[in-house]
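>
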Amino acid sequence: MKIKNISQFKLHTLRRKGFTIVEVVLVIGIIAIVSVVALINLSGRKGTSQLDGTVRQISSLIREAQSKSVSQVGGATWGVVFDNTTTSEPFYGMFKGASYTATTSVSYYRLPANIAYATSTIAGGSKVEIYFLQISGLPSATATIGLALQSPDSPSSTISVNSSGAVSF
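Here my numbering = 1-based position in the sequence shown + 383.
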């Protein structure tokens, strides 16, 4: 009798070779949940990476303007402008001379759409200009430029130029 029960068990086991609908739905649900969590985490990191890249690019531009002033490239002072006026999209750029105009502009970069100037450092409708003296590389003024992602509870970053011309972020 034992042999008969074992053979019936083997026969039943051999017939069941697929997955039930419950198992398939359960696996699809788990994959969907893991995918949603991963996408949410990756999208948050993309914004943070973009903010970090923008801060590094601005810091590099400030140092480049300072270096050009020290080297007296073009026999002029060089500077950087941070524009948060309402007539155009926020931008930053490098200029040649003691003040920024369309004719003195050397480079121009728009802030990415999801990044904005912190209004505590550059009020809406205003701009900040920093130029560096020839040979010494000292800035015309100290400045603090705040940048933040435009989403609730998002990270922010600050770039500072002190009176000796050191750039930090």
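We treat Cβ as the ideally placed atom computed from N, Cα and C, and that holds for glycine.
Does the Cβ-Cβ distance between SER452 and GLN517 come in under 9 Å?
SER452 is a Cβ neighbour of GLN517, given a cutoff of 9 Å.
> Mapping DSSP to helix, strand and coil, what is THR468?
coil
> Counting only runs that start and end within the stretch 405-466, where is the beta strand (DSSP E) found for 3 or more residues in a row?
Qualifying beta strand (DSSP E) stretches, in chain order: 461-466.
> In the DSSP assignment, find the beta strand (DSSP E) that holds ILE498 and state where it starts and stops.
498-500
> For ALA524, which option in GLY507, VAL407, SER547 has the closest C-alpha, if you only look at C-alpha atoms?
SER547
> To which residues does DSSP link TYR483 through a beta bridge?
In the DSSP output, where bridge partners are listed per residue, TYR483 has none listed.
> Can you have a look at LEU409 and say buried or exposed, based on whether 16 or more other CB atoms are within 10 angstroms of its CB?
exposed
> Just verifying my parser: in three-state terms, what is the DSSP assignment at ALA531?
strand
> Counting C-beta neighbours from all protein chains within 10 Å, is the total for THR468 16 or more, i.e. buried, or is it exposed?
exposed
> Quick check on the burial criterion: 16 or more other C-beta atoms within 10 angstroms. Buried or exposed for GLN455?
It counts as exposed.
> Using beta-carbon positions only, say whether THR541 and LEU494 come within less than 9 Å of one another.
no
> Counting pairs of Cβ atoms below 8 Å between the stretch 482-493 and the stretch 412-428, do you hit three or more?
Result no; under three Cβ-Cβ pairs closer than 8 Å.
> Between which two residues does the beta strand (DSSP E) holding PHE515 run?
510-515
> What are the boundary residues of the beta strand (DSSP E) that SER488 is part of?
Taken as a continuous stretch (DSSP letters only), the beta strand (DSSP E) holding SER488 covers 488-493.
> Where GLN440 and GLY401 are concerned, what is the direct C-alpha to C-alpha distance, given to the nearest angstrom?
56 Å
> Pull up the CB-CB distance for TYR492 and GLY476, whole angstroms please, since I reckon it's below 8 Å.
Yes, TYR492 and GLY476 are in contact; Cβ-Cβ is about 6 Å, under 8 Å.
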